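Taken in sequence, the protein lines are chains A and B. First residue of the first sequence: 3, per our numbering; consecutive thereafter. First residue of the second sequence: 3, per our numbering; consecutive thereafter. Even glycine gets a Cβ: it sits at the ideal position worked out from N, Cα and C. Since the model is a prediction, treat every value here as computed from it, not as a measurement. Scroll down for the structure; my scribbles are underneath it.
Protein chains: 2
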Amino acid sequence: MMLTGREMRSTIDEDGVLTLSLENVAIGDPGDDEIIVRVEAAPINPSDLGLLLGPADIASLATAGAGGGATLLFNVPKDRLAGVRGRLGQSLSIGNEAAGTVVAAGKNATELEGKRVGMIGGGMYADYRRIRAADVIPLPKGASTADGASMFVNPLTALGFVETARREGHKAIVHTAAASNLGQMLQKICLADDIPLVNIVRSAEQAQILREIGATYVLNSKDDDFIAQLTDALQQTGATIAFDAIGGGTLGNDILQAMERAAIRAMTDYSRYGSDTFKQLYIYGALDTAPTVLNRLSFGFQWGVGGWLLFPFLRKAGKEVAEQMRQRVVDELTTTFASHYTRVIGLADALNPDILRAYERKATGEKFLIKPTLG
Amino acid sequence: MMLTGREMRSTIDEDGVLTLSLENVAIGDPGDDEIIVRVEAAPINPSDLGLLLGPADIASLATAGAGGGATLLFNVPKDRLAGVRGRLGQSLSIGNEAAGTVVAAGKNATELEGKRVGMIGGGMYADYRRIRAADVIPLPKGASTADGASMFVNPLTALGFVETARREGHKAIVHTAAASNLGQMLQKICLADDIPLVNIVRSAEQAQILREIGATYVLNSKDDDFIAQLTDALQQTGATIAFDAIGGGTLGNDILQAMERAAIRAMTDYSRYGSDTFKQLYIYGALDTAPTVLNRLSFGFQWGVGGWLLFPFLRKAGKEVAEQMRQRVVDELTTTFASHYTRVIGLADALNPDILRAYERKATGEKFLIKPTLG
């Protein structure tokens, strides 16, 4: 018996037309070390949008065809095409992570048959995913596939932030866009591990979410005295590393500058080179795609700004650390690493224009979970 | 006998008035481990201007008094005063490095009497400098005090760049404002050590200076096809670290972006996260004080930008490496580490308004050497 199922695909052609579609594909029998998982829950993370929509102009959305064979078309502006040259003409499958039930297994993986597993590896926006058995994690007893859908990207990123801060010698952390699922996990980890965390959010509602889970430092960047509040919080906590989901504009700059001011308050001698305190800003997201602007003269010479990405971090951290992190996620899946979704949709709904527009507007607070079995 | 001599001072008062003056000060007898050096040659480096002029508005220059007691007055704009709060009211001595002749020595340093030495430690724009014997280096035979005046800041910075690149695993280097004394030293070191160097300059004259000392890669950032030339040079050399003297604007961004493009040319599979190649930009100067603008979405996630400063580097590198670097400077003082000056002036001339304006305009190519004995 050959399984077939739907799979979401994104293709950009040479003319800059991006096509989103659901293709019916044959799954193929599992190899000896492989399994086939029926996908039951897959989150839409900001990190999925890069492949899904690429640099397309969302306003250019048009539909073609109808029913199950309907496709969505977008234009990629000419000046953004160079950045995606490497994918032109390729039909790319989408979806970083998911959870589901094992419906078939190769001869070396039969112990997984019928089990619920979480998995990462791309191509998860589909009815079925054939995958190496080594790339899945059986869900703990009592956990649903919705619980297990987001057990990789956000949990490992949050743990990765804490591990990065430790390795690089920082004793407290700053986080922006901090009320996200990821941000809530980070706050819970920091509480458990006794690491001061300065949360920066953009609304009173977001601040409330964090306070309810025990956050001490929650700052609203829209407050008039935000910079003064931030400087005080940095002085109190000694935070010298920040993880920034926003990236564009001047918030990262403001954080480095406030770190320097907090450090200078503690200095007795003037130095025109600024403080001796090393300040690090890691940009891990792009909620704002505008350029990053650094008024570096206001933060001395002891500073660094860089990109932070999960997989290079895991490679650098090594197998043992990565394994410990994964185990902690399993152990605390429904507590520390619980995720919250505002809408649950079917796989075909994920190509609904209204829904696409909603999840492209990253600041809406909408958080989608795809359940392919819903349609 | 009590020696007295002139010493240049810079003071910013609470109202934001910066005063430059020459004070007559008593030198004091040397302690057991100290010597007194008659300053015979001291360079004006960009790194001296930070203390000398601070954030003052050069256009506001006014003079007060006359003759030897004349002082220069500048206004520091109100919005820049916060950055120098730590020095308000302090009369700061100026001048990072110099060379001269030892005219007195404490009982543990008598072997230095009459010797010519190079020294670093601030307060060098003066007739005499009392200093710890351990903080000077006797000049090699045949070297004049003009030869020894710049034996610390530029030589150790150039060697520090090469050492930083090696430690961080880069095989070739990019340098901006590359025709400077520092840049010429860096090119000579890279030729001797067989490290490819991509030089970026802003004029044909500057390019010529570097070609004459054997540079292979010299790019003029004003050329229309500069970015294409840069990308090719980065691909050919594999340079993934850049040291930038300019800091402001988009040149650093352009370098990181070209590094990423060069890396992507070598990739076979598309990744929306960009290349796996880690790209580092160090900003060590501020020829342009405007903000640094990073269009980071065009250079993937594997990148870092940071400040680079000599003394923190030397501390991190350790005593042994620093000692090796110093010895190399002594050994190659009149070859690799030869400095060139366009004007030689007296100590009083250094407070001449015309000269001050000339060396504040950093792009003039003027390079001053102060010889206090000239007046």
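Closest by CA to residue i, which one among the options?
i: Gly116/A; options: Asp34/A, Ser205/A, Ile38/A; result: Ile38/A
i: Asp225/B; options: Ala84/B, Arg204/B, Ile243/B; result: Arg204/B
i: Met327/A; options: Ile29/A, Pro198/A, Gly162/A; result: Gly162/A
i: Val307/B; options: Ile191/A, Gly254/A, Ala148/A, Asp356/A; result: Gly254/A
i: Ser62/B; options: Thr21/B, Gly52/B, Asp227/B; result: Thr21/B
i: Ala180/B; options: Leu212/B, Phe154/B, Phe339/B; result: Leu212/B
i: Leu53/A; options: Asn98/A, Pro157/A, Asp15/A, Glu170/A; result: Asn98/A
i: Gly309/A; options: Glu16/B, Phe303/B, Thr233/B; result: Phe303/B
i: Met187/A; options: Arg169/A, Val164/A, Val78/A; result: Val164/A
i: Leu312/A; options: Glu16/A, Ile96/A, Val155/A; result: Val155/A
i: Gly91/B; options: Glu16/B, Ser49/B, Leu221/B, Phe228/B; result: Glu16/B
i: Arg274/B; options: Arg89/A, Val78/A, Asp227/A, Ile46/A; result: Arg89/A
i: Pro355/A; options: Thr65/A, Lys318/A, Arg169/A; result: Thr65/A
i: Arg169/B; options: Lys318/B, Ser182/B, Ile229/B; result: Lys318/B
i: Phe228/B; options: Glu214/B, Val200/B, Gly216/B; result: Val200/B
i: Thr338/A; options: Thr178/A, Gly216/A, Leu83/A; result: Gly216/A
i: Ala194/A; options: Lys109/A, Ser341/A, Arg330/A, Ala352/A; result: Arg330/A
Expressed to the nearest angstrom, what Euclidean distance is found between the alpha-carbon atoms of residue i and residue j?
i: Ala136/B; j: Thr336/B; result: 23 Å
i: Glu207/A; j: Leu283/B; result: 39 Å
i: Asp196/A; j: Gln189/A; result: 10 Å
i: Tyr1/B; j: Val119/B; result: The shown model of chain B, from 3 to 377, leaves out residue 1/B, and the question about it has no answer.
i: Gly144/B; j: Gly251/B; result: 44 Å
i: Thr279/B; j: Glu262/B; result: 7 Å
i: Ala265/B; j: Asp81/A; result: 20 Å
i: Phe245/B; j: Val176/B; result: 6 Å
i: Ile202/A; j: Leu258/A; result: 14 Å
i: Ala174/A; j: Tyr272/B; result: 36 Å
i: Gly171/A; j: Cys192/A; result: 15 Å
i: Leu158/A; j: Gly123/A; result: 14 Å
i: Asp333/B; j: Glu368/B; result: 27 Å
i: Ala324/A; j: Pro142/A; result: 18 Å
i: Ser232/A; j: Leu299/A; result: The sequence given here has Leu at residue 232/A, not Ser. The alpha-carbon atoms of Leu232/A and Leu299/A are separated by roughly 19 Å.
i: Thr103/B; j: Gly150/B; result: 11 Å
i: Arg359/B; j: Ile46/B; result: 13 Å
i: Ser182/A; j: Asn77/B; result: 47 Å
i: Asn222/A; j: Thr178/B; result: 39 Å
i: Glu113/A; j: Glu214/A; result: 41 Å
i: Gly7/B; j: Lys109/B; result: 23 Å
Could you pull out every residue in the same chain whose Cβ sits closer than 6 Å to the Cβ of residue i, ignoring the five residues on either side in sequence?
i: Glu25/A; result: Glu9, Arg11
i: Val138/B; result: Val119, Met121
i: Arg345/B; result: Phe370
i: Trp305/B; result: Leu258, Lys281
i: Pro374/B; result: Val41, Asp129, Leu349
i: Pro140/B; result: Lys117, Val119
Can you give me the Cβ contacts of residue i inside the same chain, cut-off strictly under 8 Å, excluding the 5 residues immediately before and after it?
i: Ala106/B; result: Leu5, Asp31, Pro32, Ile37, Ile38, Glu115
i: Gln237/B; result: Ala264, Arg267, Ala268
i: Thr294/A; result: Gly249, Gly250, Gly251, Gly254, Asn255, Ile285, Val307
Beta carbon of residue i, beta carbon of residue j: below 7 Å?
i: Leu184/A; j: Ala160/A; result: yes
i: Leu296/A; j: Ile248/A; result: no
i: Asp35/A; j: Arg134/A; result: yes
i: Ser152/A; j: Thr73/A; result: no
i: Leu75/A; j: Val27/A; result: no
i: Thr13/B; j: Ser93/B; result: yes
i: Ile357/B; j: Ala44/B; result: no
i: Val86/B; j: Gly56/B; result: yes
i: Gly377/A; j: Gly348/A; result: yes
i: Ala111/A; j: Thr147/A; result: no
i: Ser95/B; j: Gly125/B; result: yes
i: Pro198/A; j: Thr239/A; result: yes
i: Asp50/B; j: Pro79/B; result: no
Taking 7 Å as the limit between beta carbons, can you name the residues of its chain near residue i, skipping five residues before and five after?
i: Phe315/B; result: Gly162, Thr166
i: Ser277/B; result: Glu262, Ala265, Ile266, Met269, Gly302, Gln304
Name the chain D residues that come within less than 9 Å of residue i, Cβ to Cβ?
i: Gln92/A; result: You won't find chain D in this structure, because its protein chains are A and B.
Closer than 9 Å between beta carbons: that is the criterion. Which residues of the segment 235 to 255 of chain A meet it against chain B?
Gly249, Gly250, Thr252, Asn255
Closer than 9 Å, Cβ to any Cβ of chain A: which residues of the segment 302 to 334 of chain B, in chain order?
From the segment 302 to 334 of chain B, only Gly302, Phe303, Gln304, Trp305, Gly306, Val307, Gly308, Gly309, Trp310, Leu311, Phe313, Pro314 have a Cβ closer than 9 Å to chain A.
Residues of the segment 271 to 296 of chain B whose Cβ lies closer than 7 Å to any Cβ of chain A, in chain order
Tyr272, Arg274, Tyr275, Ile285, Ala288, Thr291, Pro293, Thr294, Val295, Leu296
May I ask you to list, following chain order, the residues of the segment 117 to 128 of chain B that have a beta carbon less than 7 Å from some beta carbon of chain A?
Those residues of the segment 117 to 128 of chain B that come within reach of chain A (Cβ to Cβ, closer than 7 Å) do not exist; the list is empty.
Give the residues from the segment 72 to 85 of chain B that approach chain A closer than 8 Å (Cβ to any Cβ), ordered along the chain.
Gly85
For the segment 330 to 359 of chain A, enumerate the residues whose C-beta is nearer than 9 Å to any C-beta of chain B, in chain order.
Taking 9 Å as the Cβ-Cβ cut-off against chain B, none of the residues of the segment 330 to 359 of chain A qualify.
Contacting positions in the segment 13 to 40 of chain A - beta carbon closer than 7 Å to chain B
Under the 7 Å Cβ criterion, the segment 13 to 40 of chain A contributes no residue.
If you measure beta-carbon to beta-carbon, which residues of the segment 52 to 63 of chain A are closer than 8 Å to chain B?
Gly52, Leu53, Gly56
Note down, in chain order, all residues in the segment 148 to 174 of chain A with a beta-carbon under 7 Å from any beta-carbon belonging to chain B.
Against chain B - using a Cβ distance shorter than 7 Å - the segment 148 to 174 of chain A contributes no residues.
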